[in-house]
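So the sequence shown is numbered by the numbering used here: it starts at 11 and just counts up by one.
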Amino acid sequence: MNDAGVTFVKLGQVLSTREDVLPPRLIAAFSTLQMDSTPIPWAEAEAAIIEQLGCPIAEVFAEIDPVPLAAASVAQVHTARLLTGEDVVVKIQRPAARAQVTTDLDILERLAGEAERRMDWAKDYGARALAAEFSRALREELDYRIEVANTEMLRGAIARSSSTLRLPKVYTHYCTARMIVQERVVGTPLSRLQPDTLAPDAARDVADTLLDGVFDQIAIRGVFHADLHPGNVILTEDGSLTLIDFGAVGILERSIRRLLLPMLIAMANEDDVAVTDIALLMCAPQPDAAVDARALQRDIGVILTRVHNSRADGNIFSLLLDALRRNRLALPPSLLLVFRTLASLEGTLRRIVPDYDMVDRALEVAPRMARSILSPRDALLTAQTWSALLAEQAMRMPRRLENLTRSLDEGTLSVRLRAFESDSERGWIDSLLGRLTTTAVGIT
């Protein structure tokens, strides 16, 4: 995968967090892709940095280390010191990354389309939509201006919360589409953390801090780090956690957040009826699919009962996602990204505490987070908004009634039926009529 390049390294990073699917030896092998890709020679990196700066390196940096601190799939990182004295890291994109990603993604999207045409499971999982979402996210990662904007957006979200997670300072005036200059974070990435580094109590506190901070981002702020593999979380010397690499930041709209927390509370309460109803509000049926609500409720009830009685049965979010897919429900892309982020987060948490129960902690904090977002001010604003909307609709009703009665009086009222509206439906009728006509002629 390392030799195959950027796209396949990203795939390996996703696989390295799936301890529920892959054996430990493969997890260990894939984990080396988190930060340990093959670096490009310094001459190429130096030329790329000069091109992005638009001036000699000595005019910006007092010193820069030619040996990379880390080499990832899309870029590599060099430590440096600004002329003003701050210790920074320079993230420079590999010169060939864009061309390689474009080729790989074209292949991936074609394969996904072919898989949907040939295999039912690919159609059920929405392989083409998943490939399209992966392609969009990876292309965005190649434009570091998006990453800088994501960093500042996430920083603003964390600043409004009680989370102790940190983000490095970004020197935006030196950043371009292919280079980022930011504060150097000194610490140990969780991908390199040894199991006995932290005492058991301290390790659990760190894991709780990470999970609580991420759930606050997802459920309350609606802006969250969407690539939480162990290489993107650094444990600093004072025991705090710093997030890095903001190429993938998810946004969860408020209408979904209002349903997500009640769903988590219902899951904690083992209320399969409520979880089913909320899932039906969140998700839409797949094309040409009829959803059996009773079958969905039965599947969800079985999952909740199993997980509440045996945590070894698996990640409740992955099981719920599988149940929704089996019942032909399509998740909104933002919610799909949340579930994918939580699956990745679970692998990261187990780097800190090997037997960490993410589901138990998530269901424990959900009621507290639900209370924190219920404010009188928000309730008042919501009431004002809907009152104004209903009043506006009421004022327009007389005109609509007048238009309807005028059409009836003039005999111009028309009703449009959706049946036989599409080309395929009309084609079926034409074919049927053609066969009947041929049969009648033949009999005659």
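We treat Cβ as the ideally placed atom computed from N, Cα and C, and that holds for glycine.
- Taking the Cα positions, Lys-133 is about 20 Å away from Ala-289.
- Unbroken beta strand (DSSP E) runs of no fewer than 3 residues, entirely contained in the stretch 314–401, are not found.
- Residue burial is scored here from C-beta neighbours: Ser-397 has fewer than 16 other C-beta atoms within 10 angstroms and is therefore classed as exposed.
- Judged by DSSP in its simplified three-state form, Phe-144 adopts helix.
- Following the DSSP letters along the chain, one finds Gln-86 inside the beta strand (DSSP E) bounded by residues 85–92.
- Sequence-distant Cβ neighbours of Gln-62 in its own chain, meaning closer than 6 Å and more than five residues away, are Thr-186, Arg-188 and Met-189.
- Burial state of Asp-282 is buried, judged by a 10 Å Cβ sphere holding 16 or more other Cβ atoms.
- Contact fails between the stretch 252–272 and the stretch 310–318, because fewer than three Cβ pairs, one in each stretch, are under 8 Å apart.
- Per DSSP, Asp-97 is one residue of the beta strand (DSSP E) stretching across 97–103.
- Around the C-beta of Cys-293, 16 or more other C-beta atoms lie within 10 Å, and the residue is accordingly described as buried.
- Around the C-beta of Met-407, fewer than 16 other C-beta atoms lie within 10 Å, and the residue is accordingly described as exposed.
- Between Thr-252 and Leu-355, the C-beta gap is not smaller than 9 Å, which leaves the two residues out of contact.
- Between Ile-156 and Ser-424, the alpha-carbon positions lie close to 50 Å from each other.
- Residue pairing of Leu-251 in beta bridges, as defined by DSSP: Leu-245.
- Taken atom to atom, the span from the alpha-carbon of Val-348 to that of Gly-260 is near 8 Å.
- In terms of CA proximity to Gly-257, Asn-160 leads the group Leu-331, Asn-160 and Asp-222.
- Between Met-379 and Asp-226, the C-beta gap is smaller than 9 Å, which places the two residues in contact.
- Collapsing the DSSP output to three states places Pro-210 in a helix.
- Under the DSSP definition of a beta bridge, Val-180 partners with Gln-192.
- Distance from the CA of Ala-137 to the CA of Ser-201, rounded to the nearest whole angstrom, comes to 29 Å.
- Per the coordinates, the alpha-carbon of Thr-448 lies some 59 Å from the alpha-carbon of Ala-14.
- Under the DSSP assignment, Thr-112 falls outside any beta strand (DSSP E), being part of the alpha helix (DSSP H) whose first and last residues are 107–128.
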